[in-house]
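Data block below; observations after.
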Amino acid sequence: MPADHIQRRIREVSNLLGKAEALLITAGAGMSVDSGLPDFRGNHGFWRAYPPLGKLGISFERMAQPYWFTERPAMAWAWYGHRARLYREATPHPGYRMLREWLQAMPAGGFVVTSNVDGQFLEAGFEARGLYELHGSIHHLQCVTPCSDAVWPAELSDLQIDLDTLTAAGELPRCPNCGALARPNVLMFNDMDWVEPRAREQARRFDQWLARVRGRRLVILEIGAGSAVPTIRRLGERIAQRNLATLVRCNPDAAESDDGIIALPMGALEALGAIDEARRSRRVHAAGLARSGAMAPTRAAERTGDVPAPPRGQHAAPRATIRLRLGEIACIDLETGGIELAWPQEVGADDGAACLFAFADHPSGWFPVPATSVHSPCGYQMRLIEFGAGNAALIAIISRDDDAVLTIGVARNSDDGGAIWHALYRTALSPLQPLECPRAPWIARRLDTDSPDHRAMVPELMQVGRIAAIAWLKFKAFEDWQRENESDD
Ligand SMILES: [Zn+2]
Numbered sequence: 191m192p193a194d195h196i197q198r199r200i201r202e203v204s205n206l207l208g209k210a211e212a213l214l215i216t217a218g219a220g221m222s223v224d225s226g227l228p229d230f231r232g233n234h235g236f237w238r239a240y241p242p243l244g245k246l247g248i249s250f251e252r253m254a255q256p257y258w259f260t261e262r263p264a265m266a267w268a269w270y271g272h273r274a275r276l277y278r279e280a281t282p283h284p285g286y287r288m289l290r291e292w293l294q295a296m297p298a299g300g301f302v303v304t305s306n307v308d309g310q311f312l313e314a315g316f317e318a319r320g321l322y323e324l325h326g327s328i329h330h331l332q333c334v335t336p337c338s339d340a341v342w343p344a345e346l347s348d349l350q351i352d353l354d355t356l357t358a359a360g361e362l363p364r365c366p367n368c369g370a371l372a373r374p375n376v377l378m379f380n381d382m383d384w385v386e387p388r389a390r391e392q393a394r395r396f397d398q399w400l401a402r403v404r405g406r407r408l409v410i411l412e413i414g415a416g417s418a419v420p421t422i423r424r425l426g427e428r429i430a431q432r433n434l435a436t437l438v439r440c441n442p443d444a445a446e447s448d449d450g451i452i453a454l455p456m457g458a459l460e461a462l463g464a465i466d467e468a469r470r471s472r473r474v475h476a477a478g479l480a481r482s483g484a485m486a487p488t489r490a491a492e493r494t495g496d497v498p499a500p501p502r503g504q505h506a507a508p509r510a511t512i513r514l515r516l517g518e519i520a521c522i523d524l525e526t527g528g529i530e531l532a533w534p535q536e537v538g539a540d541d542g543a544a545c546l547f548a549f550a551d552h553p554s555g556w557f558p559v560p561a562t563s564v565h566s567p568c569g570y571q572m573r574l575i576e577f578g579a580g581n582a583a584l585i586a587i588i589s590r591d592d593d594a595v596l597t598i599g600v601a602r603n604s605d606d607g608g609a610i611w612h613a614l615y616r617t618a619l620s621p622l623q624p625l626e627c628p629r630a631p632w633i634a635r636r637l638d639t640d641s642p643d644h645r646a647m648v649p650e651l652m653q654v655g656r657i658a659a660i661a662w663l664k665f666k667a668f669e670d671w672q673r674e675n676e677s678d679d
């Protein structure tokens, strides 16, 4: 069971996929490993798989060079032929099926880009016209010379491979044009002779697809792409930036970074399985809510506040200058910017005050603030994420099924406004609206809701969001004021 903050990210990814219009899957070696295919990085595993290469001290990087097809063709073909059969016989793991289902559900379709040469996406039933194998495919051949740009499907049934000596006997594949030796149409190390047109044609279709989905809600799911040869990682990062898409990185070494990547530090199948489960439970949950009508809160329910309880064990180290204990609420006076402790029942709806319900940092960087007591609509809660040394923030109003229904971006200085605008725009599901707000240097909001239940709540949510945004600004101003006074002492 993944840790809480990972679970939260998995739900976030599940929600993103639920709202996405287009899906780009980018995959590296880690995607294949879960089908039982070897990852040849590191000599130990490589030489265990091919003992003759261990005796000769030939690494994967040295073996994967076109040189061997002219120097030792029988060895080169024993190795590549064996790999081709291994890949051909492998059964794609269930993660491929999940990805195919998600991709097929996208209104604007999807595309797969992979550095894997094993053909597993095609084997798993993905369509060839939505696939870009940027390092080629071991199941296709080309001329070693090469005498032309011809690429043809590999037919290796005549090849007899002796793994003990790593030699291939029988008729080695030949070029039908000139009769020279053939080789796999994969990009090798130090490879000047790779015949590119097949991959170039795939790349052209990929570019066309990218152009078609520009402006649509695009999610990039990067799976098992390492940092040793970061081609796949860089490609996804570039597209995420250019197309303002969200990039989800599934890899055991994935780390949360500042540039908006959602990191799932897990293996491919584990991550995909967890997302799939979240998607299924989300659908069940939504169906249950629709049946019970639970998303239509009554006026009475709104008045009771329904302040969400903070997660347990996360209020140990208060982040704010004033120390709040569980259950206490800070009242921010919108006229003076003053702040004091208050209880929910003491704060009226119309006295121009907003309440902060603050506790320690959530591990994911989100923490629920401020549950404005009387303004808090039933079943919704708020989250805040801060940017740029606390000068800018996103305040999200989250529904029960973890949808961000309304997101307010707020910055204390116009200098920080750009970051907020970009963060909002990148994930926006609807046009951004500048929010008129006196004394707030910079506020914008986006509204993400397709559900009639949420739409009914919109006026209320707008009001809550606006107060929360002002409260945040006031709270920050108060922190500054307090810091200045402390330094005067
Ligand atoms: Zn030829």
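Under the working numbering, the letters of the sequence shown match residues 191 to 679, in that order.
No residue lacks a Cβ here, since even glycine has one placed at the ideal position from N, Cα and C.
- Task: Let me know the secondary structure DSSP gives Trp-342 once reduced to three states.
- Result: strand
- Are the stretch 397 to 416 and the stretch 213 to 232 touching, with three or more C-beta to C-beta distances below 8 Å? yes
- Hey, would you say the C-beta of Ala-344 is under 7 Å away from at least one heavy atom of ligand 1? no
- When the Cβ atoms of the stretch 236 to 246 are set against those of the stretch 344 to 358, are three or more pairs found closer than 8 Å? yes
- Task: Helix, strand or coil for Glu-202, going by three-state DSSP, please let me know.
- Result: helix
- Query: Any idea if His-565 is buried or exposed, counting beta-carbon neighbours within 10 angstroms, 16 or more meaning buried?
  - Reply: A caution first: His-565 carries a pLDDT of 45, below 50, which makes its placement in the model unreliable, though a value can still be read off. Per the 10 Å Cβ criterion, buried.
- Message: Counting beta carbon pairs with one atom in the stretch 246 to 257 and one in the stretch 225 to 237, are three or more of them shorter than 8 Å?
- Response: yes
- Pick out the complete beta strand (DSSP E) segments inside the stretch 310 to 354, 3 residues or longer, and give them in chain order. 321 to 323, 326 to 333, 350 to 352
- Message: What would DSSP say about Ala-486, mapped onto helix, strand or coil?
- Response: Because the pLDDT at Ala-486 is just 28, under 50, the model does not fix this residue reliably, and the value given afterwards should be weighed accordingly. Here Ala-486 sits in coil by DSSP.
- Task: Answer yes or no: the CB of Asn-375 versus the heavy atoms of ligand 1, is any distance below 7 Å?
- Result: no
- Runs of beta strand (DSSP E) lying entirely within the stretch 393 to 457, each at least 3 residues, in chain order: 408 to 413, 436 to 440, 452 to 454
- Determine the DSSP secondary structure at Arg-231, reduced to helix, strand or coil. coil
- Query: Hey, how far is the Cα of Glu-323 from the Cα of Ala-659?
  - Reply: 46 Å
- Query: Quick one: is the Cβ of Pro-336 within less than 7 Å of any heavy atom of ligand 3?
  - Reply: Among the ligands in the structure shown, ligand 3 does not appear; only ligand 1 can be found there.
- Task: Using the Cα positions of Gln-255 and Ile-587, report the straight-line distance between them to the nearest angstrom.
- Result: 54 Å
- From Ala-314, Ala-358, Ala-435, Asn-380, pick the residue whose C-alpha is nearest to that of Thr-346; which is it? A quick correction: the sequence has Leu, not Thr, at residue 346. Out of Ala-314, Ala-358, Ala-435, Asn-380, Ala-358 has the C-alpha closest to the C-alpha of Leu-346.
- Start and end of the beta strand (DSSP E) containing Val-223? No beta strand (DSSP E) holds Val-223; the alpha helix (DSSP H) holding it covers 219 to 223.
- Item | CA-to-CA distance, His-195 to Leu-377, given in whole angstroms | 39 Å
- Residue closest to Arg-390, alpha-carbon to alpha-carbon, out of Asn-433, Asp-339, Ala-212, Ala-601: Asp-339
- Specify, as a first and last residue, the run of the alpha helix (DSSP H) that Thr-260 falls within. 257 to 261
- Pull up the distance between the alpha-carbon of Gly-320 and that of Ala-210, whole angstroms please. 17 Å
- Message: Between Ile-451 and Leu-437, how many whole angstroms is the CB-CB distance? I'm expecting something under 8 Å.
- Response: 5 Å
- Span of the alpha helix (DSSP H), counted from its first residue to its last, around Phe-250: 250 to 253
- Item | Rounded C-alpha distance that separates Leu-371 from Cys-365 | 6 Å
- Three or more C-beta pairs below 8 Å linking the stretch 382 to 396 and the stretch 325 to 339: yes
- Query: Which residue from Asp-397, Phe-311, Ile-410 puts its Cα closest to that of Arg-439?
  - Reply: Ile-410
- Task: Verify whether the separation of the beta carbon atoms of Leu-227 and Leu-289 is less than 8 Å.
- Result: no
- Query: Quick one: is the Cβ of Asn-380 within less than 7 Å of any heavy atom of ligand 1?
  - Reply: no
- Outcome for Asn-675 when other beta-carbon atoms lying within 10 angstroms are tallied against a minimum of 16: exposed
- Asp-443, buried or exposed, once every other Cβ within 10 Å from all chains shown has been counted against 16: exposed
- Report the three-state DSSP secondary structure of Leu-362 (helix, strand or coil). coil
- What separation, rounded to the nearest whole angstrom, lies between the Cα atoms of Gly-360 and Arg-428? 46 Å
- Task: Within its chain, find whatever has a CB closer than 6 Å to the CB of Gln-469; leave out the 5 residues flanking it on each side and keep chain order.
- Result: For clarity, residue 469 is Arg in the given sequence; the question names Gln instead. Here the set comprises Ser-204.
- Would you call the CB atoms of Phe-396 and Glu-251 closer than 8 Å? no
- Nearest-angstrom Cα distance between Tyr-257 and Ala-219? 24 Å
- Message: For a test of the three-state rule: what should DSSP assign to Arg-238, helix, strand or coil?
- Response: helix
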